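Q:
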Amino acid sequence: MSFAAKKTVLAFPLSLLLVGVFVVAPAFAQSPSPSSENYGLNKTAEEASLNVDRNLNEIIGGIVKTVLGITGVIFMLSIFGAGEIWLTAEGNEEKIEKARTTIFNSAIGVIIVFTAYIGTNFLINTILCTIGVTSCS
């Protein structure tokens, strides 16, 4: 892979990362007593049918699922990139072999991420069901 192609392949994920980090600005708002003054936000959230009673397990489960989802997308992009290398190899056996290896490794990565996602989903749901946060079905 040429240097220009490597730069292009690396520029896209890095630009997505930078956009994600710098576009979302944190709001540093503080109140003297956040538990006593919610300014009617709980009532608004309940009227909008939003779950305001999330516990730590649900939050961690959501974070793990999001990270695994993003990892899966990265592996899929890797497969597409390797497919592009294969299509543009013009018969160059070295490029074709590199693309095959990348596709194989990415497919194994997708399988691992998918299995981890299923396992995490099962584990989080089982824990939440066991401690009585959600109903068991």
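Under mature numbering (1 follows the signal peptide of the UniProt record, and there is no 0), the residues of the sequence shown are numbered -29 to -1, 1 to 108, in order.
Where a beta carbon is used, it is the ideal one built from N, C-alpha and C, also for glycine.
Bear in mind the structure is a predicted one, so any value in this text is a computation, not a measurement.
Measure the beta-carbon distance from E29 to L99 and round it to whole angstroms, keeping in mind my assumption that it falls under 8 Å.
A: 7 Å
Q: Is DSSP giving V104 helix, strand or coil here?
A: coil
Q: How far does the alpha helix (DSSP H) with A16 in it extend, from its first residue to its last?
A: 12 to 18 is the span of the alpha helix (DSSP H), which, as asked, contains A16.
Q: Alpha carbon to alpha carbon, how far is A(-26) from G90?
A: 39 Å
Q: Ends of the alpha helix (DSSP H) at N28?
A: From DSSP, the alpha helix (DSSP H) with N28 extends over 27 to 58.
Q: On the CB-based measure, 16 or more other CB atoms within 10 Å of its CB, does S77 come out buried or exposed?
A: By the Cβ-count criterion, S77 is buried, with 16 or more other Cβ atoms from all chains shown falling within 10 Å of its own Cβ.
Q: Could you give the DSSP three-state label for G90: helix, strand or coil?
A: Looking at G90 - three-state DSSP - the assignment turns out to be helix.
Q: Using the C-alpha atoms, what's the distance from T86 back to A53?
A: Straight-line Cα distance between these residues: approximately 23 Å.
Q: What does the Cβ neighbour count give for I56, buried or exposed, with the cut at 16 atoms within 10 Å?
A: When all chains shown are included, I56 counts as buried.
Q: Where does L(-20) sit, in a helix, a strand or coil, going by DSSP?
A: helix
Q: Just the Cα atoms here: how many angstroms apart are V(-11) and L21?
A: 27 Å
Q: Considering only the beta carbon of each residue, do I45 and T73 sit closer than 9 Å?
A: Taking a C-beta distance under 9 Å as the contact criterion, I45 and T73 do not qualify as a contact pair.
Q: Between the C-alpha atoms of S(-15) and I41, what's the straight-line distance to the nearest angstrom?
A: 15 Å
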